[in-house]
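Read through the structure below, which is laid out as structure tokens, and then see the notes.
In mature numbering (1 follows the signal peptide of the UniProt record, and there is no 0), the protein residues as written are -15 to -1, 1 to 558.
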């Protein structure tokens, strides 16, 4: 034990840096267990406080925005009611004037003055209807914003719920780590085997230290192995708690870009709000000018109409400015979608890579396992003959040896089941990541298509020259859908390869069972000569074993059937 301790101390190197899972800052790894637990406790406390702070901010924002848009909606509806009343009043006045005009026409009186009044009223009615249309459009936009406020609040509540669940799970893992470390320390006190510094190195050390720890694990007695197992569990838990997930690492790469996009989005929204305030103000000014023009005459009326045209031109320019800002917002959202698909792509690629490596390792191991099972079957067959022919001590030795081979066969089958189970877990992870990526690609394709419609609308209104923007969005939408289809096809092809390999293995066993059945039939009918009378019994046992193996493999490989079906469904992309 002292020699191993010395070897371990010689191999100790400076612990590597680790990534903070909250801020993603590079920090030195903890040198001892107490530091590790302190870091983990502070980290979870910081995560919880950050989560609560975000939730409270979202709550305040929800209250403020709900009141804001609610009051604006009430004001807009009030304006709408007022304008509708004005339009109805103008309609009644027009009806009255029309009746007066008809009466004047019947008595052949001059209608020039009343005609002018009718023209003015009709123009006023037209302007009021346009104002009503603008107010109605504004109300719809406000209602949409009000609905968004509610949706964002629901998302904030859901996010807080998910974060609470994550924090509770992490707290449970930290408590589990504390419990394992506590048990290891108690066990170490009983054995008086390792120093505290040595235990710290095992749990908090770097890769080389851990490899040395694994070398030691097989060189200790039974009691120490229990201690080593506890320390290994502690090390694994510590790694899980201190190392960020692949998805978090992918997010970290785009963190700066996302922050810039958030700032630009907030700026664009602020600009839109300011412009909409200006639009409301100028629309009200136009309405007031219209009222002035009603009672004006001569030069004053001409000046009033000129002022009205200038205001209308200003309103048109403001509307175009709003459309430009909204198009910027669309561009920002599209850029954000692009980043989301890049993150999901990295995560999917990582899962595909892990599954590919797992597939290769599993294939090598399964081939080796298959050969060992085949060899074990042949040995059991030979030993069965020796067992029947032998006697006394020799026979007992053969029986013991055969039992050892049978036990080995059972162990291999159990191990094969465990290995394949771990492989299926990798496939589940792959399936989840790839599905998420396909979903993100499809979502972004739909959003690009909607953006194309928005830009086409703005292009038709003369906000942008040509149709380059809408065509670019259409191209992006088609590209995203093509990528989604390619991603699904790639995984389907991997499943088909795996399915062929599995079916081939089962078919080979079925072919062998068929040949053995034919051979047994030939022996029973006297068509094939045998050296020993016990051969037919052994052959029947082997046939039964092969049939059992076929059933086992079908059941084992059937565990991946549902995932194959899932991917086959996705071939419709």
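Ideal Cβ placement from N, Cα and C applies to all residues, glycine included.
- Note that the stretch 105 to 124 touches the stretch 73 to 80; at least 3 beta-carbon pairs, one per stretch, sit closer than 8 Å.
- The criterion of a C-beta distance shorter than 9 Å is satisfied by residue 141 and residue 40.
- Your pair residue 303 and residue 264 checks out as a contact, with CB atoms roughly 5 Å apart and the cut at 8 Å.
- Non-local beta-carbon contacts of residue 493 in its own chain, meaning distances under 8 Å to residues more than five positions away in sequence, are absent.
- Per the Cβ contact rule, the stretch 342 to 351 is not in contact with the stretch 271 to 279 (fewer than 3 Cβ pairs under 8 Å).
- In the assembly as shown, residue 332 is a buried residue. Its beta-carbon has 16 or more other beta-carbons within 10 Å.
- Beta-carbon to beta-carbon, residue 361 and residue 397 are separated by about 7 Å, close enough to satisfy the 8 Å threshold.
- Between the alpha carbons of residue 86 and residue 441 lies a distance of about 47 Å.
- In the DSSP annotation of this structure, the continuous segment of the alpha helix (DSSP H) that includes residue 244 starts and ends at 240 to 280.
- The C-alpha of residue 59 lies about 32 Å from the C-alpha of residue 432.
- DSSP places residue 365 in the helix class (H, G or I) of the three-state scheme.
- In this chain, the alpha helix (DSSP H) harbouring residue 499 covers 453 to 509.
- Separation of residue 81 and residue 68 (C-alpha to C-alpha, rounded to the nearest whole angstrom) is 20 Å.
- Around the Cβ of residue 255, a 10 Å sphere holds fewer than 16 other Cβ atoms; the residue is exposed.
- For residue 114, same chain residues with a beta-carbon under 7 Å away, outside a window of 5 residues either side, are 72 in chain order.
- Taking one beta carbon from each stretch, the stretch 447 to 454 and the stretch 303 to 315 have 3 or more pairs nearer than 8 Å; the two touch.
- Closest in alpha carbon position to residue 405, among 483, 439, 465, 128, is 483.
- The shortest C-alpha to C-alpha distance from residue 359 to any of 259, 283, 395 is the one to 395.
- One alpha carbon belongs to residue 104, the other to residue 97, and they sit about 11 Å apart.
- Apart from the 5 residues on each side of it in sequence, residue 258 has no Cβ closer than 7 Å to any other Cβ in its chain.
- Classified as exposed, residue 382 has fewer than 16 neighbouring CB atoms from the shown chains inside 10 Å of its CB.
- Here the stretch 462 to 472 makes contact with the stretch 419 to 433; the two share three or more CB pairs at distances below 8 Å.
- In the three-state reduction of the DSSP assignment, residue 345 falls in the helix class, which pools H, G and I.
- Burial is judged here by how many other beta carbons sit within 10 angstroms of a residue's own beta carbon; residue 496 has fewer than 16 and is exposed.
- Scanning 409, 223, 354 for the CA closest to the CA of residue 164 turns up 223.
- Between the stretch 142 to 153 and the stretch 26 to 39, the count of C-beta pairs closer than 8 Å reaches three or more; the two stretches touch.
- Straight across, the Cα-Cα distance linking residue 504 with residue 418 is about 50 Å.
- Under the three-state reduction of DSSP output, residue 48 falls in the helix class.
- Between residue 20 and residue 159, the C-beta gap is not smaller than 9 Å, which leaves the two residues out of contact.
- Secondary structure at residue 151: helix, using DSSP grouped into helix, strand and coil.
- Annotation: residue 219 to residue 32 spans about 22 Å, alpha carbon to alpha carbon.
- The beta carbons of residue 215 and residue 172 sit closer together than 9 Å.
- Cβ atoms of residue 239 and residue 324 come within 8 Å of each other, at about 5 Å.
- Within the model, the alpha-carbon separation for residue 423 versus residue 475 is close to 12 Å.
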